[in-house]
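Notes follow once the structure below has been shown.
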Amino acid sequence: MTALVAHCEPVSGLEWTVLSGGRREVMTALGAEHSGAIAAWRGTDAWRELVGRAESSRRRPFDAVVASTRRLLPVESAELGWLAEGAGIPEAELWALNLRGDLGRDGTGCSDLCTAGGSGLLMGHNEDGDGGLAGLVRLVTLRIDGDPSMTVVWYPGMLPANSFVTTSAGLTFGMDHVPVHRADTAAAGRHLVARHAQRQADGARARAVLRHIPCAGGFAFDVADGPGRRGDIIENAAGRVSSATAGTATAAAPSGEPLRHTNHLRLIGARRAGARDGVVVDDRWTGESRTRLAALETASPRLEAPGDVLAALRSDGVLNREPDLYTFTSTVVDPASDRILVQGAGEPWRGVLSSFAAGERMSA
Numbered sequence: 001m002t003a004l005v006a007h008c009e010p011v012s013g014l015e016w017t018v019l020s021g022g023r024r025e026v027m028t029a030l031g032a033e034h035s036g037a038i039a040a041w042r043g044t045d046a047w048r049e050l051v052g053r054a055e056s057s058r059r060r061p062f063d064a065v066v067a068s069t070r071r072l073l074p075v076e077s078a079e080l081g082w083l084a085e086g087a088g089i090p091e092a093e094l095w096a097l098n099l100r101g102d103l104g105r106d107g108t109g110c111s112d113l114c115t116a117g118g119s120g121l122l123m124g125h126n127e128d129g130d131g132g133l134a135g136l137v138r139l140v141t142l143r144i145d146g147d148p149s150m151t152v153v154w155y156p157g158m159l160p161a162n163s164f165v166t167t168s169a170g171l172t173f174g175m176d177h178v179p180v181h182r183a184d185t186a187a188a189g190r191h192l193v194a195r196h197a198q199r200q201a202d203g204a205r206a207r208a209v210l211r212h213i214p215c216a217g218g219f220a221f222d223v224a225d226g227p228g229r230r231g232d233i234i235e236n237a238a239g240r241v242s243s244a245t246a247g248t249a250t251a252a253a254p255s256g257e258p259l260r261h262t263n264h265l266r267l268i269g270a271r272r273a274g275a276r277d278g279v280v281v282d283d284r285w286t287g288e289s290r291t292r293l294a295a296l297e298t299a300s301p302r303l304e305a306p307g308d309v310l311a312a313l314r315s316d317g318v319l320n321r322e323p324d325l326y327t328f329t330s331t332v333v334d335p336a337s338d339r340i341l342v343q344g345a346g347e348p349w350r351g352v353l354s355s356f357a358a359g360e361r362m363s364a
């Protein structure tokens with residue numbers, strides 16, 4: 001059997017591929033269909049540097065994280081292998097690419113907003129990265145037999161999980177990189193943890209995955225659970241986990257105001273004052289993240305509609321336009337109204353959220 005491959009009309013400048021069928025067939029077709037885009041990234045110095053991690057003195061932690069990921073997440077590990085098979089490149093290279101934030105810096109970027117209150121549940125995500133990839137980033141929908149369908153903002157070569165994802169189970173995810181001093185080599189690659197959570201049939205199961213399967217590196221997961229009418233940010237970093245629920249008073253949101261996150265840990269704190277912590281990082285990139293968070297707070301005093309969230313994400317100091325830190329997409333979901341806003345290189349597009357998750361381009 002082979003996967004069915006279709007293409008939707010682009011959304012705000014983002015090409016869109018829809019793949020349907022069995023798990024192996026879909027993941028192999030994903031690699032084959034986009035082998036040219038993967039090859040374009042593979043030809044860059046950045047890719048070669050990442051692959052070098054698996055071939056240098058860092059080989060031991062790399063091998064350890066690959067082994068623990070295969071043990072903890074065998075299905076997602078197999079998916080990565082099939083993606084490499086379809087693209088016609090060594091599987092080890094895709095492991096190196098997908099473990100980039102587990103075993104080293106992943107640059108910085110990505111901003112999230114989530115609110116759940118009188119205005120209902122709203123969640124927004126900026127997907128930021130190396131500006132040189134702007135022409136490669138696209139939308140992909142996976143309709144895999146037995147899984148909820150899902151649509152992702154996709155980097156060719158990545159397991160489709162590490163950016164913005166929305167699923168037919170009514171769940172939406174935004175992932176923010178958070179750096180750690182030392183990876184937990186007995187844990188799983190964070191992209192694969194994300195993928196496993198996104199395959200779940202409901203919010204409770206997805207949150208359980210993110211709380212109980214440790215990431216080797218660090219992600220802050222912004223999770224909007226439409227059916228459950230709740231939003232959470234879950235930090236999972238080098239074996240430590242902490243979370244906050246939108247509308248509930250926390251250290252990150254002391255008055256129960258919207259949850260905001262950029263690229264530094266806000267919920268997981270240093271274990272003891274003045275000590276070098278194995279997880280929490282404080283450097284110049286963390287300073288940039290804090291500055292961007294302050295801009296996001298200023299831009300989002302009240303969030304009553306999806307347009308308010310989009311405006312905050314596109315505001316000065318939050319939207320990135322530097323060559324090494326570029327906002328590819330801004331996305332906002334309003335599950336109660338079944339609406340999504342997407343802005344890439346083009347004008348904002350408003351669509352039907354449930355259709356978007358299923359790979360159908362339905363404007364609203």
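Under the UniProt record's numbering, the first residue of the sequence shown carries the number 1, and numbering increases by one thereafter. Positions of the beta carbon are idealized from the N, C-alpha and C atoms, including for glycine.
Checklist entry - Which parts of the stretch 44-117 are runs of the beta strand (DSSP E), unbroken and 3 residues or longer, counting only runs that do not cross its ends? => result 111-117
Checklist entry - Of the choices Ala183, Gly86, Arg53, whose alpha-carbon is the least far from that of Ala32? => result Gly86
Item to check | Rounded straight-line distance, which links the Cα of Glu15 to that of Gly104 | outcome: 30 Å
Checklist entry - Are there 16 or more other CB atoms within 10 angstroms of the CB of Arg42, so buried, or fewer, so exposed? => result buried
Next on the checklist: Restricting to runs no shorter than 3 residues, where is the beta strand (DSSP E) found entirely within the stretch 293-340?
Outcome noted: 325-334
Item to check | Nearest-angstrom Cα separation, counted from Val333 out to Leu113 | outcome: 11 Å
Checklist entry - Can you tell me where the beta strand (DSSP E) with Ile233 in it begins and where it stops? => result 230-237
Checklist entry - Going by the beta-carbon positions, is the gap between Glu235 and Leu267 smaller than 8 Å? => result yes
Checklist entry - Are the stretch 135-145 and the stretch 7-21 in contact at 8 Å, needing three or more beta carbon pairs? => result yes
Next on the checklist: Quick check on this structure: which residue in Thr291, Ala220, Ala134 has the alpha carbon closest to the alpha carbon of Val318?
Outcome noted: Thr291
Next on the checklist: Between the alpha carbons of Glu9 and Gly359, how many angstroms are there, rounded?
Outcome noted: 11 Å
Checklist entry - Excluding sequence positions up to five away, which residues of its chain have a Cβ less than 7 Å from the Cβ of Arg53? => result Phe62, Ala96, Leu103, Gly104
Item to check | Met27, enclosing alpha helix (DSSP H) - first and last residue | outcome: 23-33
Item to check | Residue range of the beta strand (DSSP E) that includes Val137 | outcome: Looking at the DSSP string, Val137 is not in any beta strand (DSSP E), and its letter there is neither H nor E.
Next on the checklist: Tell me the DSSP secondary structure of Ile268 in three-state form.
Outcome noted: coil
Checklist entry - Whole-angstrom Cβ separation of Gly239 and Val65, contact assumed at under 8 Å? => result Actually they are not in contact, since the Cβ atoms of Gly239 and Val65 sit about 12 Å apart, beyond 8 Å.
Checklist entry - Where Ala84 and Asp202 are concerned, what is the direct C-alpha to C-alpha distance, given to the nearest angstrom? => result 29 Å
Item to check | Residues sharing a beta bridge with Leu171, DSSP | outcome: Asp225
Item to check | Distance CB(Gly101)-CB(His177) smaller than 8 Å | outcome: yes
Checklist entry - How long is the line joining the alpha carbons of Met150 and Arg24, rounded to whole angstroms? => result 16 Å
Checklist entry - Based on the DSSP secondary-structure assignment, which residues constitute the bridge partners of Leu19? => result Val5, Leu142
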